[in-house]
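Asks:
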Amino acid sequence: MNNVLPLQAILWQLFFLLIAIALEGYILQLKLNLSRKASIDYAMAINLITTILGWFSFFYLLPILPNYIKYQAIGYIFLDRFTPPQTATLTLEVILTLSIIFMSAFIVKLQSLKLLQRFLEPPKENESAEDQKNKLNRGNRLSSLKSTFSLSNPSKATVILVANALSSSVIVLILLVRSLRVHNNG
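To get this note's numbering, take the position in the sequence shown, counting from 1, and add 143.
(1) Output the distance between the C-alpha atoms of Gly-218 and Phe-225, rounded to the nearest integer angstrom.
(2) Please return the same chain residues whose Cβ sits closer than 6 Å to the Cβ of Leu-166, not counting the five positions on each side in sequence.
(3) Candidates Phe-249, Gln-172, Leu-256, Asn-190: which alpha carbon is nearest Leu-304's?
(4) Look at the alpha carbon of Ile-170 and the alpha carbon of Met-246, and state the distance between them as a whole number of angstroms.
(5) With contact counted as at least three CB pairs below 8 Å, one residue from each stretch, are the region 252-259 and the region 183-194 in contact?
(6) Work out the CA separation of Glu-264 and Met-187 for me, nearest whole Å.
(7) Please list the terminal residues of the continuous alpha helix (DSSP H) segment that includes Arg-179.
(8) According to DSSP, is Phe-225 helix, strand or coil?
(9) Considering only the beta carbon of each residue, do Gln-215 and Leu-241 sit closer than 9 Å?
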(Lines of atoms letter the chains of each structure in order from A and count residues from 1; the text may use other names and numbers.)
(Lines give C-alpha, C1' and ligand atoms only; values in the text may rest on other atoms or scores of the structure.)
Protein backbone atom coordinates (compact mmCIF):
# COMPACT_ATOMS: atom_id res chain seq x y z
CA MET A 1 0.00 0.00 0.00
CA ASN A 2 1.36 3.40 -0.96
CA ASN A 3 1.49 6.22 1.53
CA VAL A 4 0.21 9.59 0.46
CA LEU A 5 1.57 12.71 2.10
CA PRO A 6 -0.94 15.56 1.82
CA LEU A 7 1.76 18.22 1.59
CA GLN A 8 -0.64 20.92 0.44
CA ALA A 9 -2.97 20.24 3.40
CA ILE A 10 -0.02 20.34 5.81
CA LEU A 11 1.18 23.67 4.42
CA TRP A 12 -2.31 25.18 4.62
CA GLN A 13 -2.62 23.92 8.21
CA LEU A 14 0.66 25.61 9.11
CA PHE A 15 -0.47 28.82 7.40
CA PHE A 16 -3.77 28.78 9.32
CA LEU A 17 -1.92 28.10 12.57
CA LEU A 18 0.29 31.13 11.99
CA ILE A 19 -2.75 33.30 11.29
CA ALA A 20 -4.60 32.03 14.38
CA ILE A 21 -1.55 32.48 16.62
CA ALA A 22 -0.95 36.04 15.42
CA LEU A 23 -4.58 37.16 15.70
CA GLU A 24 -5.34 35.38 18.96
CA GLY A 25 -2.04 36.48 20.49
CA TYR A 26 -2.92 40.08 19.69
CA ILE A 27 -6.38 39.72 21.29
CA LEU A 28 -4.90 38.02 24.38
CA GLN A 29 -2.34 40.80 24.75
CA LEU A 30 -4.93 43.51 24.29
CA LYS A 31 -7.71 42.14 26.51
CA LEU A 32 -5.86 40.15 29.20
CA ASN A 33 -3.00 42.64 29.65
CA LEU A 34 -0.36 40.04 28.94
CA SER A 35 3.07 40.82 27.58
CA ARG A 36 3.57 40.33 23.84
CA LYS A 37 5.73 37.26 24.43
CA ALA A 38 3.34 35.69 26.94
CA SER A 39 0.32 36.27 24.71
CA ILE A 40 2.03 34.70 21.69
CA ASP A 41 3.23 31.79 23.84
CA TYR A 42 -0.28 31.17 25.13
CA ALA A 43 -1.81 31.54 21.66
CA MET A 44 0.76 29.14 20.22
CA ALA A 45 0.21 26.53 22.92
CA ILE A 46 -3.59 26.62 22.85
CA ASN A 47 -3.70 26.51 19.05
CA LEU A 48 -1.25 23.60 18.85
CA ILE A 49 -3.21 21.67 21.48
CA THR A 50 -6.47 22.40 19.64
CA THR A 51 -5.03 21.40 16.27
CA ILE A 52 -3.55 18.15 17.57
CA LEU A 53 -6.78 17.19 19.34
CA GLY A 54 -8.74 18.19 16.24
CA TRP A 55 -6.74 15.93 13.94
CA PHE A 56 -6.86 13.04 16.42
CA SER A 57 -10.64 13.48 16.60
CA PHE A 58 -10.88 13.59 12.81
CA PHE A 59 -8.92 10.36 12.36
CA TYR A 60 -10.84 8.70 15.20
CA LEU A 61 -14.24 9.66 13.74
CA LEU A 62 -13.42 9.10 10.05
CA PRO A 63 -13.92 5.29 10.09
CA ILE A 64 -17.37 5.57 11.67
CA LEU A 65 -18.68 8.28 9.32
CA PRO A 66 -21.01 7.35 6.45
CA ASN A 67 -19.13 6.74 3.21
CA TYR A 68 -20.44 9.82 1.39
CA ILE A 69 -19.25 12.12 4.21
CA LYS A 70 -15.94 10.28 4.37
CA TYR A 71 -15.42 10.76 0.62
CA GLN A 72 -16.33 14.45 0.86
CA ALA A 73 -13.87 15.04 3.73
CA ILE A 74 -11.03 13.18 2.06
CA GLY A 75 -11.79 14.83 -1.30
CA TYR A 76 -11.67 18.27 0.26
CA ILE A 77 -8.44 17.62 2.19
CA PHE A 78 -6.56 15.97 -0.69
CA LEU A 79 -8.14 17.54 -3.79
CA ASP A 80 -9.27 20.98 -2.55
CA ARG A 81 -12.87 20.36 -3.53
CA PHE A 82 -15.94 18.48 -2.54
CA THR A 83 -16.75 15.57 -4.81
CA PRO A 84 -19.99 15.77 -6.81
CA PRO A 85 -22.89 15.71 -6.25
CA GLN A 86 -23.23 18.55 -3.79
CA THR A 87 -26.66 18.63 -2.24
CA ALA A 88 -28.49 20.89 0.17
CA THR A 89 -28.06 18.15 2.78
CA LEU A 90 -24.28 18.27 2.32
CA THR A 91 -24.29 22.05 2.70
CA LEU A 92 -26.30 21.73 5.91
CA GLU A 93 -23.91 19.05 7.18
CA VAL A 94 -20.89 21.24 6.40
CA ILE A 95 -22.42 24.19 8.28
CA LEU A 96 -23.31 21.95 11.23
CA THR A 97 -19.81 20.45 11.24
CA LEU A 98 -18.17 23.89 11.15
CA SER A 99 -20.34 25.02 14.07
CA ILE A 100 -19.36 21.96 16.10
CA ILE A 101 -15.69 22.50 15.25
CA PHE A 102 -15.90 26.17 16.28
CA MET A 103 -17.51 25.39 19.65
CA SER A 104 -15.16 22.46 20.29
CA ALA A 105 -12.14 24.62 19.49
CA PHE A 106 -13.45 27.32 21.83
CA ILE A 107 -13.87 24.85 24.70
CA VAL A 108 -10.45 23.25 24.13
CA LYS A 109 -8.74 26.66 23.88
CA LEU A 110 -10.42 27.97 27.02
CA GLN A 111 -9.54 24.89 29.06
CA SER A 112 -5.98 24.89 27.67
CA LEU A 113 -5.50 28.55 28.63
CA LYS A 114 -6.80 27.90 32.14
CA LEU A 115 -4.50 24.89 32.55
CA LEU A 116 -1.48 26.72 31.17
CA GLN A 117 -2.06 29.70 33.44
CA ARG A 118 -2.54 27.44 36.45
CA PHE A 119 0.77 25.68 35.83
CA LEU A 120 2.86 28.54 34.47
CA GLU A 121 1.82 31.55 36.52
CA PRO A 122 2.73 31.71 40.19
CA PRO A 123 -0.14 32.27 42.66
CA LYS A 124 -0.67 35.83 43.85
CA GLU A 125 1.61 36.83 46.70
CA ASN A 126 -1.03 37.39 49.36
CA GLU A 127 -3.22 34.39 48.45
CA SER A 128 -2.37 30.74 48.78
CA ALA A 129 -3.56 28.24 46.20
CA GLU A 130 -6.22 27.00 48.63
CA ASP A 131 -7.53 30.55 49.16
CA GLN A 132 -7.81 31.04 45.40
CA LYS A 133 -9.69 27.75 45.02
CA ASN A 134 -12.14 28.67 47.80
CA LYS A 135 -12.63 32.12 46.28
CA LEU A 136 -13.51 30.58 42.93
CA ASN A 137 -15.96 28.14 44.51
CA ARG A 138 -17.77 30.93 46.39
CA GLY A 139 -18.26 33.04 43.25
CA ASN A 140 -21.72 34.39 42.65
CA ARG A 141 -23.22 33.19 39.37
CA LEU A 142 -24.84 36.51 38.60
CA SER A 143 -21.62 38.46 39.06
CA SER A 144 -19.82 35.82 37.01
CA LEU A 145 -22.37 36.25 34.23
CA LYS A 146 -22.05 40.04 34.39
CA SER A 147 -18.27 39.89 34.22
CA THR A 148 -18.45 37.52 31.25
CA PHE A 149 -20.31 40.10 29.18
CA SER A 150 -18.54 43.17 30.58
CA LEU A 151 -16.51 45.02 27.99
CA SER A 152 -14.27 46.82 30.47
CA ASN A 153 -13.02 43.70 32.25
CA PRO A 154 -13.61 40.72 29.97
CA SER A 155 -13.35 37.20 31.34
CA LYS A 156 -11.02 34.64 29.83
CA ALA A 157 -14.01 32.92 28.22
CA THR A 158 -15.10 36.10 26.46
CA VAL A 159 -11.56 36.87 25.29
CA ILE A 160 -11.04 33.33 23.97
CA LEU A 161 -14.44 33.42 22.26
CA VAL A 162 -13.64 36.73 20.53
CA ALA A 163 -10.14 35.57 19.57
CA ASN A 164 -11.43 32.23 18.27
CA ALA A 165 -14.22 33.95 16.34
CA LEU A 166 -11.78 36.41 14.76
CA SER A 167 -9.23 33.78 13.72
CA SER A 168 -11.94 31.37 12.52
CA SER A 169 -13.62 34.11 10.48
CA VAL A 170 -10.36 35.08 8.79
CA ILE A 171 -9.57 31.42 8.05
CA VAL A 172 -13.05 30.79 6.60
CA LEU A 173 -12.69 33.93 4.48
CA ILE A 174 -9.34 32.67 3.15
CA LEU A 175 -10.89 29.26 2.43
CA LEU A 176 -13.76 30.92 0.54
CA VAL A 177 -11.37 33.03 -1.56
CA ARG A 178 -9.23 29.95 -2.20
CA SER A 179 -12.30 27.93 -3.16
CA LEU A 180 -13.50 30.62 -5.57
CA ARG A 181 -10.05 30.81 -7.12
CA VAL A 182 -9.86 27.02 -7.55
CA HIS A 183 -13.34 26.87 -9.12
CA ASN A 184 -12.62 29.77 -11.49
CA ASN A 185 -9.32 28.23 -12.61
CA GLY A 186 -10.58 24.66 -12.84
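Backbone N, C-alpha and C define an ideal beta-carbon position, used for all residues, glycine too.
Bear in mind that the values here come from a model prediction, so they are computed numbers and not experimental data.
Replies: In brief:
(1) Position 75 of the sequence shown holds residue 218. Position 82 of the sequence shown holds residue 225. Cα to Cα, Gly-218 sits roughly 6 Å from Phe-225.
(2) What you label residue 166 is simply residue 23 of the sequence shown in a count that begins at 1. The residues are Leu-309, Ser-310.
(3) Position 161 of the sequence shown holds residue 304. For the residues Phe-249, Gln-172, Leu-256, Asn-190, the minimum Cα distance to Leu-304 belongs to Phe-249.
(4) The residue given as residue 170 occupies position 27 in the sequence shown. The residue given as residue 246 occupies position 103 in the sequence shown. Roughly 18 Å separates the two Cα atoms.
(5) yes
(6) Walking along the sequence shown from the start, residue 187 turns up at place 44. Walking along the sequence shown from the start, residue 264 turns up at place 121. Those two C-alpha atoms are separated by around 17 Å.
(7) Translated into positions along the sequence shown, residue 179 becomes position 36. Residues 179-204.
(8) As a first step, residue 225 is located in the sequence shown; it is residue number 82 there, counting from the start. The answer is coil: DSSP assigns Phe-225 none of H, G, I, E or B.
(9) For this step, residue 215 is matched to residue 72 along the sequence shown. For this step, residue 241 is matched to residue 98 along the sequence shown. Not in contact: Gln-215 and Leu-241 (Cβ atoms no closer than 9 Å).
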